[in-house]
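Scroll down for the structure; my scribbles are underneath it.
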Amino acid sequence: MIPHGIRGDYMNRKYVLVMIALCGLAGASLGICFNTSGLFYTAVADDLGVGRAAVAMTNTICLLVGSAAQMITAKIMREETLRPIILTAVVSLVVPTMLMSRVHAVWHLYVLNFIRGIGYGMTGMVLVTFVINHWFIAKLGMMTSIAMAFSGVPGVLFSPLITQVINSFGWRIGYVFVAGLILLFDLPALFIRFTISPETMGMKAYGAETQSRPQQELIKGAPQEFNYRSPAFILLTLFCVSAAVAAAIPQHMPAFAESTGSSAHVGSMMLSFSMAANILSKIIYGVLVDRRGTQFSILITAVICALASLSLIVFHSPAALLAGAFFFTVTYCNSAVGNAMMIRETFGTDGYAKAYPAIIFVSNIMNALAASFYGLLYDLTGTYVLMFVVSLILQGIMIAITVYMYRKIIPHKE
Numbered sequence: 006m007i008p009h010g011i012r013g014d015y016m017n018r019k020y021v022l023v024m025i026a027l028c029g030l031a032g033a034s035l036g037i038c039f040n041t042s043g044l045f046y047t048a049v050a051d052d053l054g055v056g057r058a059a060v061a062m063t064n065t066i067c068l069l070v071g072s073a074a075q076m077i078t079a080k081i082m083r084e085e086t087l088r089p090i091i092l093t094a095v096v097s098l099v100v101p102t103m104l105m106s107r108v109h110a111v112w113h114l115y116v117l118n119f120i121r122g123i124g125y126g127m128t129g130m131v132l133v134t135f136v137i138n139h140w141f142i143a144k145l146g147m148m149t150s151i152a153m154a155f156s157g158v159p160g161v162l163f164s165p166l167i168t169q170v171i172n173s174f175g176w177r178i179g180y181v182f183v184a185g186l187i188l189l190f191d192l193p194a195l196f197i198r199f200t201i202s203p204e205t206m207g208m209k210a211y212g213a214e215t216q217s218r219p220q221q222e223l224i225k226g227a228p229q230e231f232n233y234r235s236p237a238f239i240l241l242t243l244f245c246v247s248a249a250v251a252a253a254i255p256q257h258m259p260a261f262a263e264s265t266g267s268s269a270h271v272g273s274m275m276l277s278f279s280m281a282a283n284i285l286s287k288i289i290y291g292v293l294v295d296r297r298g299t300q301f302s303i304l305i306t307a308v309i310c311a312l313a314s315l316s317l318i319v320f321h322s323p324a325a326l327l328a329g330a331f332f333f334t335v336t337y338c339n340s341a342v343g344n345a346m347m348i349r350e351t352f353g354t355d356g357y358a359k360a361y362p363a364i365i366f367v368s369n370i371m372n373a374l375a376a377s378f379y380g381l382l383y384d385l386t387g388t389y390v391l392m393f394v395v396s397l398i399l400q401g402i403m404i405a406i407t408v409y410m411y412r413k414i415i416p417h418k419e
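Just so you know, we're using this note's numbering here: the sequence shown kicks off at 6 and counts up by one.
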């Protein structure tokens, strides 16, 4: 039986191929370029004779430039510019990563990561989710979640391999290896032909034959008119910032475990549990969005995260720490998928292209600052308990905003 009334094997295959290309872009930019950078910090710092913080600044530069590049990409993205954007991004990711194997000063890394940030932003979540919004009506939550999950897949699959390459052959060969992985993940997008809108290729969005886009997006009243000063935009920004600040906590799990008296092994296992939960929870979240809606998915996720925060404050046995780390990491669902879905449901597909890049730009900055803030909080108090108290407050803010948005601002489906 062909789902949703779609006719023809070619059309079914095409949707799969488009998703493969988009997941590859997400995996290359977020999963490999950004999320595996930390594996190099110690080796590069020791070899260049600088502090780890100086090397870690490369990731901050990549993130900030990437956030700005996403806003620019949203403005220039058209059918005729999509392929040049992807090609430029691939070159901006692969070539600088390859050249990082030849550097002899930390400032060289800063320059190269500035360029990498351009590629990271151009094929980041703005482009990926924007194309998904046009290609899918049915299973939109699931497709968005799958793409977002690919930001974590390379970290789980390739981090041990990259670490082994660094330990066996040195960090310079490690960067060459990472450049090859980035290119490998980007190949589907280079060779699979797709456009922003399926109508450009004579196709319809997935699920369009059973539920038209106007029927699906509408609703009592039209989507909100996009405006930077509107209450909707301000509330969505506050929601996304809260989610981003909460999402900075899992990287402190190893240090938190040691602060409770647990071994470094328990801390590393907490991080592994978090990485696994990052992928698994996003897939489940996508199914939940499609079946129960975005509001329900956001609220249940925030409640689970709040309960995990309480558990991590109170219970410090190894089993409790591992369980707490796993369930706390569901917060990534709201910071990566829930925010995108709620922005789209507020402003519609067209307004999404304007609102999402701006909100994510602010959220990324706050996420980077939050990671340092939690470390400072520990230095001042000698405990990570306050970090989870902050999490409880953030989850409360997200719950309150979500309830208000869906009761007062976001139009309800009839």
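The C-beta atom is built at its ideal place from N, Cα and C for all residues, glycine as well.
All figures in this text were calculated on a predicted structure; none of them were measured in a lab.
Need the endpoints of the alpha helix (DSSP H) that residue i sits in, please.
| i | result |
| --- | --- |
| threonine 299 | 299-319 |
| asparagine 17 | 14-31 |
| alanine 213 | Run containing alanine 213: none; DSSP gives neither H nor E here. |
| arginine 198 | Here arginine 198 belongs to no alpha helix (DSSP H), and DSSP marks it neither H nor E. |
| tyrosine 115 | 111-127 |
| glutamine 75 | 57-81 |
| isoleucine 37 | Per DSSP, isoleucine 37 belongs to no alpha helix (DSSP H) and is neither H nor E. |
| glutamate 85 | 84-104 |
| lysine 359 | 344-386 |
| histidine 139 | 130-140 |
| serine 340 | Counting along the chain, serine 340 falls outside any alpha helix (DSSP H), and DSSP gives it neither H nor E. |
| serine 264 | 258-264 |
| tyrosine 233 | First-last for tyrosine 233: undefined, no H or E at that position. |
| alanine 328 | 323-333 |
| threonine 407 | 390-409 |
| methionine 206 | Premise fails: methionine 206 is in no alpha helix (DSSP H) and is neither H nor E. |
| valine 49 | 46-53 |
| serine 150 | 145-154 |
What's the call for residue i, buried or exposed, on a 16-neighbour Cβ count within 10 Å?
| i | result |
| --- | --- |
| asparagine 172 | exposed |
| leucine 189 | exposed |
| glycine 124 | buried |
| alanine 74 | buried |
| lysine 144 | buried |
| phenylalanine 196 | exposed |
| alanine 324 | exposed |
| aspartate 355 | exposed |
Cβ of residue i within 9 Å of Cβ of residue j?
| i | j | result |
| --- | --- | --- |
| lysine 287 | methionine 148 | no |
| tyrosine 46 | serine 150 | no |
| isoleucine 201 | leucine 87 | yes |
| leucine 326 | leucine 317 | yes |
| alanine 375 | valine 250 | yes |
| valine 95 | isoleucine 120 | no |
| serine 340 | alanine 252 | yes |
| leucine 241 | proline 255 | no |
| glycine 126 | serine 42 | no |
| leucine 117 | threonine 128 | no |
| serine 279 | phenylalanine 331 | yes |
| threonine 351 | isoleucine 284 | no |
| isoleucine 37 | isoleucine 187 | yes |
| asparagine 138 | arginine 296 | no |
| threonine 78 | isoleucine 66 | no |
| serine 106 | alanine 184 | yes |
| leucine 53 | glycine 122 | no |
| isoleucine 404 | valine 319 | no |
Distance check for residue j and residue i, CA to CA, integer angstroms please.
| i | j | result |
| --- | --- | --- |
| glycine 207 | lysine 19 | 12 Å |
| cysteine 310 | methionine 130 | 23 Å |
| serine 368 | alanine 282 | 22 Å |
| valine 294 | proline 159 | 24 Å |
| proline 193 | valine 335 | 29 Å |
| phenylalanine 378 | aspartate 384 | 10 Å |
| threonine 407 | lysine 413 | 10 Å |
| valine 70 | isoleucine 402 | 28 Å |
| glycine 380 | isoleucine 370 | 16 Å |
| valine 111 | arginine 198 | 39 Å |
| isoleucine 364 | glycine 29 | 24 Å |
| phenylalanine 244 | methionine 62 | 27 Å |
| leucine 312 | phenylalanine 39 | 30 Å |
| asparagine 232 | valine 49 | 45 Å |
| leucine 397 | leucine 104 | 43 Å |
| methionine 410 | isoleucine 303 | 12 Å |
| alanine 213 | phenylalanine 141 | 8 Å |
| threonine 306 | glutamine 400 | 9 Å |
| tyrosine 211 | glutamate 204 | 11 Å |
| serine 97 | serine 273 | 32 Å |
| valine 133 | alanine 31 | 7 Å |
| glycine 175 | isoleucine 167 | 10 Å |
| asparagine 17 | leucine 44 | 39 Å |
Kindly say whether residue i, judged by its beta-carbon, lies nearer than 9 Å to any beta-carbon of chain D.
| i | result |
| --- | --- |
| alanine 313 | Any reference to chain D falls outside this structure, which holds one protein chain only. |
Count the CB pairs spanning the stretch 373-392 and the stretch 267-274 that are closer than 8 Å, and state whether there are at least three. no
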